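Data first, discussion second: the structure below is written as structure tokens.
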Amino acid sequence: MERAEMLAYCLAKPGAWLDQPWEGDEVVKVGSRIFAFLGNGAGNPTVGIKCGATREVADEWLHRYPDDASVMAYIGRSGWNTLRLDGGIDGEELTEAVDASYDMVVAKLPKRERPTA
């Protein structure tokens, strides 16, 4: 999957919007919270997403895709992983993972910040 395809997929989610909280790094948010980290586009294309409510649940990705999944720096302990877009994880599984990340983040938003659509 190409980075541009993943970005478009993320931005198509209800209430999603693009932000650059750090110089050159792009993230996609819903409400005030990030649900996908897309970085700056340099190097291998990746997406950082919430892969589970706990580190133990998110570790399933590491076991299934040891070459294409890694624990995200700083927030990995909270269930966030980095997944390679151009590796062995197929596009459908990547989009399902983004859907799950989005749903977990939306569920934690205050009701006033949740998208209506």
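Take 558 as the starting number for the sequence shown in this note's numbering and just add one per residue. Where a beta carbon is used, it is the ideal one built from N, C-alpha and C, also for glycine. Note that the coordinates shown come from a computational prediction; the quantities given were computed from them, not determined experimentally.
Could you give the first and the last residue of the continuous alpha helix (DSSP H) run that contains residue 583? Not the alpha helix (DSSP H): residue 583 falls in the beta strand (DSSP E), residues 582-587.
When the Cα of residue 644 is compared with those of 604, 629, 664, which residue comes out closest? 604
CB residue 602 to CB residue 559, shorter than 8 angstroms? yes
If contacts are defined as beta-carbon pairs under 8 angstroms, then residue 587 and residue 672 qualify, I think. What distance do you get, rounded to the angstrom? 6 angstroms
Which residues DSSP lists as bridging residue 638, in chain order: 606, 628
Boundaries of the beta strand (DSSP E) in which residue 575 is found, first to last residue: 573-579
Taking the C-alpha atoms as reference points, what is the distance between residue 653 and residue 567? 11 angstroms
CB-CB under 8 angstroms to residue 629, same chain, minus the five flanking residues each way: which ones, in chain order? 594, 605, 637, 638, 639
With the cut-off set at 8 angstroms, would you say residue 576 and residue 596 are in Cβ contact? no
Assuming residue 641 and residue 625 make a contact with CB atoms under 8 angstroms, what is their CB distance in whole Å? 4 angstroms
Inspect the beta-carbon positions of residue 661 and residue 610 and report whether they are closer than 8 angstroms. yes
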